[in-house]
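What follows is a short report on a single structure.
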Amino acid sequence: MVLSAVLIVKNEEARLRACLGSLAGLVDETVVVDTGSSDATMDVARDLGARLFSEPWQGDFSAARNRSIAEARGEWILWIDADDLVPAHGHAAIRALCAGPRDRAFSFIIENLYDNRPGQVFRQTRLFPARRAICFDGRIHETLSYSLARAGLAVVPADVRIIHTGYNTAAERSAKIERNHALLLRERTRCPNDPAVLMELGNSYFQQGRFAEAVAQYRAIADLPGVERAQPDIFRSIPSLVGNAYLAAGDRCLAQEWFERGVRDFPERMTPRYFLGKIALDNNDADAALAHFLAVTGMTAAVTTVAVDISGMQANAFAYAANILLGRGDHARALALFSEADRRFPVAAFSYGAAAQAALRAGDGAAALSFFRKGEARGDLSAQEYSDYGVLVWETGEQERALGLFERALDKDPGCAVAAENYADAAGAAHQGARASAFIAGLGARIAQGGG
């Protein structure tokens, strides 16, 4: 048997079917260790052919995970969570890794979903050879790092992604913060000099709005001897972590100081430069903001063991830079940035209406139409934008469609003079005066009744 997938679960019936389904055709067995479910989790796992075991919950994630490892029979072990999905396009790569030498482990890219969009990404060791010496350490945010180091196994980054859905909704995020904080406090008592524990505890304080306590944990990491060698990813993240906490607390001066330190000491890091752009924008320094945001759009940030929303920051940087250029009348450069962002990111961080306006002013009607259509689908066009959209559609000969867009503009803002003028002109040219009169009368009646 080559590959075992191992999971620990509790009350995961809603997610488990999708998770185990994503493993079909990849693994030779699935080991599920239940820590006290009161729902149909075990029934779902049984129906999907998993080997089932029970382990009483001891407030220790490592203990449960190590039980799952002990029950696995494969030469390789892939550990996953019930709220993970392993995309089918990554199966071949994982099987290829299992066909190689068993003297190394592999880290995968974990992509968190937030409100159904890609969020933070980070690297985590997920695939390793089955050996008695390899086990998890830590009650919370458990890790294989220490046992792999003791066993002399290197961790090799692999181009494999796992989608993590457990932070997708605000309710899920809140529940995990509450559950994890008590465990992190206990873990800090047990391991007061562990950089990862201090960082995660700082993150927990941050998520609760306790920013001064978050700063204390983050800054304590820098005082640990040898941290820059033992945990380089965490060490290089300290300026960003501290800066973010100060910024969230409303202290922009201290935040700027730490972000500038980050840019100076770790220029490859995207986070400090991005937030310097945000601070400059808040300070009405458009030149500095534009310089920082343009720098971010051109960066290629490596995925590390510290979770960062790389795509979110870059998408926002494109939007901020494009809007600054649009406001300055540099329509061609603004359009270029809007267009590149639209190609690169699955969820637009910018207004499609603004992008369409940039295209119109740059003389690119086709691009303007494309952006207007996307804005219409998303439902975020303004009355002025619906009116401009209608003018473009009218010019293509779609008179009925154009009239409908002018009507949507006036529905959105009955006081939009440009839309009213365009509608009247179009209705007259299309011999639709009666329709226009009826629409305007109905609109007036809705306004009079308080519904307009």
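Sequence positions in the sequence shown follow the numbering used here and run 1 to 452.
Backbone N, C-alpha and C fix where the C-beta goes; we use that ideal spot for every residue, glycine too.
Treat the numbers as computed from the prediction; the structure is a model and nothing was measured.
| the stretch 288 to 298 in contact with the stretch 215 to 232 per 3-pair CB rule at 8 Å | Cβ pair count under 8 Å is below three, so no.
| field | Reference Ala367; option with closest CA among Gln449, Gly353 and Leu48 | value | Ranking Gln449, Gly353 and Leu48 by Cα distance to Ala367 puts Gly353 first.
| By how many angstroms is the C-alpha of Arg73 removed from the C-alpha of Leu97? | C-alpha of Leu97 to C-alpha of Arg73: approximately 18 Å in a straight line.
| So does the stretch 211 to 221 actually touch the stretch 233 to 244, counting three or more Cβ pairs closer than 8 Å? | Contact check between the stretch 211 to 221 and the stretch 233 to 244: three or more CB pairs, one atom from each, fall below 8 Å, which counts as touching.
| query | Cα separation between Leu48 and Asp309? | reply | Those two C-alpha atoms are separated by around 34 Å.
| request: Kindly indicate which residue of Arg361, Glu12 and Arg161 has the alpha-carbon position closest to the one of Leu113. | output: Checking every option, the nearest Cα to that of Leu113 belongs to Arg161.
| task | Return the CA-CA distance between Ile177 and Asp60, expressed in angstroms with no decimal places. | result | Near 16 Å, if we compare the C-alpha coordinates of Asp60 and Ile177.
| request: Take every Cβ of the stretch 133 to 140, pair it with every Cβ of the stretch 81 to 101, and state whether three or more of those distances are shorter than 8 Å. | output: Between the stretch 133 to 140 and the stretch 81 to 101 there are fewer than three inter-stretch CB-CB distances shorter than 8 Å, so the stretches are not counted as touching.
| request: State the start and end residues of the unbroken beta strand (DSSP E) segment that holds Ile163. | output: For Ile163, the enclosing beta strand (DSSP E) stretches over residues Ala154 to His164.
| query | Is DSSP giving Gly138 helix, strand or coil here? | reply | Three-state DSSP puts Gly138 in coil, outside helix and strand.
| query | Where does the unbroken alpha helix (DSSP H) through Phe206 begin, and where does it stop? | reply | From DSSP, the alpha helix (DSSP H) with Phe206 extends over Pro195 to Gln207.
| Cutoff 6 Å; reference Val347; Cβ partners in own chain excluding five residues on either side | Around Val347: Arg117.
| message | By DSSP's criteria, Asn112 is part of a beta bridge. Which residues make up the other side? | response | Asn112 is bridged to His164.
| In chain order, each alpha helix (DSSP H) run of at least 4 residues that lies wholly inside the stretch 259 to 284 | Qualifying alpha helix (DSSP H) stretches, in chain order: 270 to 282.
| Distance, Cα to Cα, Phe211 vs Ser4? | Straight-line measurement puts the Cα of Ser4 at about 41 Å from the Cα of Phe211.
| said: Is Asp282 close to the ligand ADP? I mean its beta-carbon at under 8 Å from any heavy atom of the ligand. | reply: Annotation note on the ligand ADP: not contained in the displayed structure, which lists no ligands.
| query | Any contact of the stretch 32 to 39 with the stretch 104 to 112, i.e. 3+ C-beta pairs under 8 Å? | reply | Contact fails: fewer than three Cβ-Cβ distances are below 8 Å.
| request: Taking Pro225 as part of the alpha helix (DSSP H), name the residues at either end of that continuous run. | output: No alpha helix (DSSP H) contains Pro225, which DSSP labels as neither H nor E.
| task | State yes or no: is the C-beta of Ala424 within less than 9 Å of the C-beta of Ala436? | result | Cβ distance < 9 Å, so Ala424 and Ala436 count as in contact.
| query | Under a three-way DSSP split, which group does Val2 fall into? | reply | In this structure, DSSP gives Val2 a state outside helix and strand, which the three-state scheme calls coil.
| field | DSSP-derived helix/strand/coil call for Thr305 | value | Secondary structure of Thr305 (DSSP, three-state): coil.
| said: At the level of alpha carbons, what is the spacing between Val9 and Val306? | reply: The C-alpha of Val9 lies about 24 Å from the C-alpha of Val306.
| task | Could you tell me which uninterrupted alpha helix (DSSP H) segments, each at least 4 residues in length, are contained entirely in the stretch 1 to 31, listed from first to last along the chain? | result | Look at the stretch 1 to 31 and you find these whole runs of alpha helix (DSSP H), each 4 residues long or longer: 13 to 21.
| query | Taking the Cβ atom as the reference point for each residue, do Ile80 and Val6 lie within a distance shorter than 9 Å? | reply | Yes.
| Can you give the Cα-Cα distance for Ser387 and Arg236, rounded to whole angstroms? | Distance from the CA atom of Ser387 to the CA atom of Arg236, rounded to whole angstroms, is 50 Å.
| request: Enumerate in chain order the residues of its own chain whose CB-to-CB distance from Ala182 is below 7 Å, with the five nearest sequence positions on each side excluded. | output: Contacts found: none.
| task | Return the first residue and the last residue of the beta strand (DSSP E) that Gln120 is part of. | result | DSSP places Gln120 inside the beta strand (DSSP E), whose first and last residues are Arg117 to Pro129.
| message | Just to check my reading of the structure: Ile324 and Ala349 have Cβ atoms closer than 8 Å, yes? What is that Cβ distance to the nearest angstrom? | response | About 14 Å separates the beta carbons of Ile324 and Ala349, which is beyond the 8 Å limit, so they are not a contact pair.
| request: Please report the residue range of the alpha helix (DSSP H) in which Ile238 lies. | output: Ile238 -> alpha helix (DSSP H) spans Pro232 to Ala248.
| Would a check of beta-carbon distances place Leu276 closer than 9 Å to chain B? | Of the protein chains in this structure there is only one, and it is not chain B.
| query | Are the beta-carbon atoms belonging to Ala355 and Ser339 less than 9 Å from one another? | reply | Yes, these two residues count as a Cβ contact at 9 Å.
| message | Once the 5 residues before and after Val27 are set aside, which same chain residues still bring their CB inside 7 Å of it? | response | Hits under 7 Å: Leu3, Ser4, Ala5 and Leu78.
| query | Quick one, which of Ala341, Arg264, Gly379 and Gly262 has its alpha-carbon nearest Gly298's? | reply | Distances from the alpha-carbon of Gly298 to those of Ala341, Arg264, Gly379 and Gly262 put Ala341 closest.
| message | Among the candidates Phe275, Gly21 and Ala63, whose CA atom is the shortest distance from the CA of Arg46? | response | Each of Phe275, Gly21 and Ala63 was checked against the Cα of Arg46, and the nearest Cα belongs to Gly21.
| field | Alpha-carbon to alpha-carbon, Ala321 and Met270 | value | About 15 Å.
| query | Using a Cβ-Cβ cut-off of 8 Å (strictly less than) and excluding sequence neighbours within five positions of Ser62, which residues of its own chain qualify? | reply | Setting aside the 5 residues that flank it on each side, Ser62 is surrounded in the same chain by Cys135, Phe136, Asp137, Gly138, Arg139 and Glu142, each with a C-beta closer than 8 Å to its C-beta; the list follows chain order.
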